[in-house]
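Novice:
The following block contains the structure:
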């Protein structure tokens with residue numbers, strides 16, 4: 001387990017061990033996601049990520065205990081992120097992990113949230129099959145999501161999220177405008193944010209590979225957070241890969257999500273994003289899509305079972321499910 005050390009004077013500066021995390025690296029920041037952690041880890045291990053770093057942020061449901069167990073089992077590296085009032089939990093976590101573990105050495109780096117699952121649809125469905133589509137001059141791979149809705153049952157229930165919620169919105173829906181990216185040469189960028197690296201230090205244009213195989217350039221000095229955050233509906237692209245976004249899950253889980261606050265907002269700030277209107281917009285999903293489970297379900301379940309067979313992981317999983325259920329019971333009246 002890796003606890004947060006004293007923050008550096010400049011958290012955006014590159015650094016970390018010279019022999020830092022190499023290969024395909026995934027990073028995630030979590031709060032109160034306990035029952036869903038194991039599925040997230042199992043899937044992304046199964047599709048080939050070499051290292052997975054997960055930060056916990058003041059968890060109430062035992063997410064951190066499960067991450068500890070998975071860390072000791074060698075499945076992930078857990079980073080306890082102690083968030084100060086006014087800090088953005090995600091940015092604080094990413095900067096700390098970067099410095100502690102040398103993420104600048106990664107061949108490819110991706111950041112996902114706990115409700116996002118990379119779905120590679122080219123080759124054998126592994127992350128390496130996706131990055132193999134990049135030419136030597138490609139710096140960033142940009143992916144749009146497919147956003148999935150809820151079910152008729154408002155209750156939180158045990159089970160795989162990727163199987164419980166198979167209804168999605170149309171591909172060209174506004175909810176699919178956000179992008180997530182895989183980047184290489186991370187040391188060229190000042191910071192790692194949730195959607196992309198930012199603060200490019202180089203003098204050459206950056207080449208971005210879209211999911212449909214097309215490319216575009218970002219000139220030096222271009223603001224990456226403007227280009228690599230949301231795209232117009234007409235520019236939503238799918239093809240080589242996308243990420244499934246289970247943005248609301250059950251109503252009960254959604255209400256707890258609203259209660260816990262946002263990772264991309266300062267600690268202590270009211271959650272003005274996850275409103276009833278947001279839920280209703282996503283809950284209108286009607287297109288049944290089981291492609292993810294068809295492609296990845298067998299491997300996901302096998303890795304899930306392997307991890308759950310570790311006694312410490314199983315005990316932590318049961319405890320976080322108990323605590324999560326208690327948190328929901330405190331805010332829900334079924």
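Numbering (UniProt numbering), first residue to last: 1 to 334.
Built from N, CA and C at the ideal position, the CB exists for glycine as well.
Quick one: what's got a C-beta closer than 7 Å to residue 203's C-beta in the same chain, skipping five residues either side?
Specialist: Along the chain shown, read from residue 1 onward, the residue named residue 203 stands at position 203. Correct list, in chain order: 220.
Novice: Since residue 118 and residue 25 are thought to touch, with beta carbons under 8 Å apart, how far apart are those beta carbons, to the nearest angstrom?
Specialist: As a first step, residue 118 must be located in the chain shown, where it is residue number 118. As a first step, residue 25 must be located in the chain shown, where it is residue number 25. Rounded, the Cβ-Cβ distance is 13 Å, inconsistent with contact.
Novice: Tell me the DSSP secondary structure of residue 176 in three-state form.
Specialist: In the chain shown, residue 176 corresponds to position 176, counting from 1. Correct three-state label for residue 176: helix.
Novice: For residue 28, which residues does DSSP report across the bridge?
Specialist: On the chain shown, position 28 is the one that residue 28 refers to. Its beta-bridge partners are 54.
Novice: Quick one: using the 10 Å Cβ neighbour count with 16 as the cut-off for buried, is residue 115 buried or exposed?
Specialist: In the chain shown, residue 115 corresponds to position 115, counting from 1. Classification of residue 115: buried, given that the 10 Å Cβ count is 16 or more.
Novice: If you follow the beta strand (DSSP E) that residue 191 is part of, which residue opens it and which one closes it?
Specialist: The residue labelled residue 191 in the question sits at position 191 within the chain shown. Taken as a continuous stretch (DSSP letters only), the beta strand (DSSP E) holding residue 191 covers 189-192.
Novice: For residue 323, which option in 61, 35 and 222 has the closest C-alpha, if you only look at C-alpha atoms?
Specialist: Within the chain shown, residue 323 is the residue found at index 323, counting from 1. Looking at the Cα atoms, 61 is the closest of the given residues.
Novice: Where do the N-terminal and C-terminal ends of the alpha helix (DSSP H) with residue 186 fall, by residue?
Specialist: Counted from its first residue, the chain shown places residue 186 at position 186. Segment: none, residue 186 is in no alpha helix (DSSP H) and carries neither H nor E.
Novice: To the nearest angstrom, report how far apart residue 222 and residue 54 are at their CA atoms.
Specialist: Along the chain shown, read from residue 1 onward, the residue named residue 222 stands at position 222. Along the chain shown, read from residue 1 onward, the residue named residue 54 stands at position 54. Those two C-alpha atoms are separated by around 30 Å.
Novice: With a cut-off of 8 Å, do at least 3 Cβ pairs link the segment 310-325 to the segment 188-204?
Specialist: No, because fewer than three Cβ pairs between the segment 310-325 and the segment 188-204 fall closer than 8 Å, the two stretches do not touch.
Novice: Under 8 Å by Cβ, that's how I've got residue 107 and residue 207 pegged, so tell me the actual separation to the nearest angstrom.
Specialist: Locating residue 107 in the chain shown gives position 107, where the first residue counts as 1. Locating residue 207 in the chain shown gives position 207, where the first residue counts as 1. Going by Cβ atoms, the distance from residue 107 to residue 207 rounds to 17 Å, so no, they are not a contact pair.
Novice: How about residue 146 and residue 177: do their beta carbons lie closer than 8 Å?
Specialist: Taking the chain shown and counting its residues from 1, the one referred to as residue 146 is at position 146. Taking the chain shown and counting its residues from 1, the one referred to as residue 177 is at position 177. No, these two residues do not count as a Cβ contact at 8 Å.
Novice: Within the present structure, is the beta-carbon of residue 304 separated from the nearest heavy atom of the ligand SAM by less than 7 Å?
Specialist: This structure simply doesn't include the ligand SAM, nor any ligand for that matter.
Novice: Around the C-beta of residue 342, are 16 or more other C-beta atoms found within 10 angstroms, so that it is buried, or is it exposed?
Specialist: This structure gives no information on residue 342, because the portion of the chain shown stretches from 1 to 334.
Novice: Provide the residue(s) that pair with residue 108 in DSSP beta bridges, ordered along the chain.
Specialist: Counted from its first residue, the chain shown places residue 108 at position 108. Answer is 24, bridged to residue 108.
Novice: Would you kindly work out how many angstroms separate the C-alpha atoms of residue 59 and residue 31, rounded to a whole number?
Specialist: As a working mapping, residue 59 is identified with position 59 in the chain shown. As a working mapping, residue 31 is identified with position 31 in the chain shown. Taking the straight line joining both Cα atoms gives about 5 Å.
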